[in-house]
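Input: a single structure, listed below in structure tokens.
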Amino acid sequence: MERQVPIDFVDERLNKGLARTGLRFTAQRRHIYSKLLEKGDHPSADEVFMRAKSDMPDLSMATVYNTLDTLVKCGLVRQVNHERGPTRYCSNMEKHHHFHCTTCNGVFDIRSDPESGEPEIHMPPGFEVLQFEILFRGICPECAAKQAAEANA
Ligand SMILES: [Zn+2]
Ligand SMILES: [Zn+2]
111 MERQVPIDFV DERLNKGLAR TGLRFTAQRR HIYSKLLEKG DHPSADEVFM RAKSDMPDLS
171 MATVYNTLDT LVKCGLVRQV NHERGPTRYC SNMEKHHHFH CTTCNGVFDI RSDPESGEPE
231 IHMPPGFEVL QFEILFRGIC PECAAKQAAE ANA
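If you use our numbering, the sequence shown corresponds to residues 111 to 263, in order.
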């Protein structure tokens, strides 16, 4: 899933997001944001730290937490929470839901209806939806294949 993210693209998005909150552009914010976009996966803060520290050795865990917080406030990253395990961070801001594999703990993006992005749920009158998220829990194809292979062994 690794991809080259042009630094201009990172800067443009980051500048736009930061402008909304009045926070300033820093090398750390740029570095951490580009690390998230590069993989497009759902790392925990610890994983972001490990990844970002490899080419920014003086980075501290506190900076990573603060930066992730800032990116969430800027609307560039969203938090994904599961009942178990740490918060994960998702840099895909297109409408989508998450699938949590309970075997490998992987988190996968599930695209929703590109037309409306709305799930077919009947909302009782008087409830105004501002945000929604559907969390699927189950087994991913890789784990399912592994289990099938083990069952046949
Ligand atoms: Zn899995
Ligand atoms: Zn996601």
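Each residue gets a CB set at the ideal place from its N, CA and C atoms; glycine is no exception.
For the beta strand (DSSP E) that contains residue i, what are its first and last residues?
{"i": "D219", "result": "V217 to R221"}
{"i": "H141", "result": "H141 -> not in any beta strand (DSSP E); alpha helix (DSSP H) instead, spanning A137 to K149."}
{"i": "F242", "result": "Taken as a continuous stretch (DSSP letters only), F242 belongs to no beta strand (DSSP E), as it is neither H nor E."}
{"i": "R198", "result": "R198 to C200"}
Compute the minimum distance between the beta carbon of residue i and the heavy atoms of ligand 2, and state whether it is under 8 Å.
{"i": "H208", "result": "yes"}
{"i": "V190", "result": "yes"}
{"i": "H141", "result": "no"}
Helix, strand or coil: which one does DSSP assign to residue i?
{"i": "G248", "result": "strand"}
{"i": "Q189", "result": "strand"}
{"i": "C211", "result": "strand"}
{"i": "C59", "result": "Here the chain covers residues 111 to 263 and nothing more, so residue 59 does not appear."}
{"i": "R161", "result": "helix"}
{"i": "R123", "result": "helix"}
Taking the alpha-carbon of residue i as reference, which of the options has the nearest alpha-carbon?
{"i": "K248", "options": "L124, H207, E157 and T213", "result": "The sequence as given places Gly at residue 248; Lys does not occur at that position. The shortest C-alpha separation from G248 is found at T213."}
{"i": "Q241", "options": "E193, P167, C211 and Q189", "result": "Q189"}
{"i": "I220", "options": "H232, I231, H206 and C211", "result": "H206"}
Can you find a heavy atom of ligand 1 that lies under 8 Å from the Cβ of residue i?
{"i": "T213", "result": "yes"}
{"i": "G216", "result": "yes"}
{"i": "C253", "result": "yes"}
{"i": "C200", "result": "no"}
{"i": "I249", "result": "yes"}
Segment contact flag, the segment 138 to 151 with the segment 193 to 203, C-beta cutoff 8 Å, min 3 pairs: yes
Validate contact between the segment 148 to 158 and the segment 121 to 136 using beta carbons, cut 8 Å, 3 pairs: Remark: fewer than three beta-carbon pairs, one from each stretch, lie closer than 8 Å, so the segment 148 to 158 and the segment 121 to 136 are not flagged as touching.
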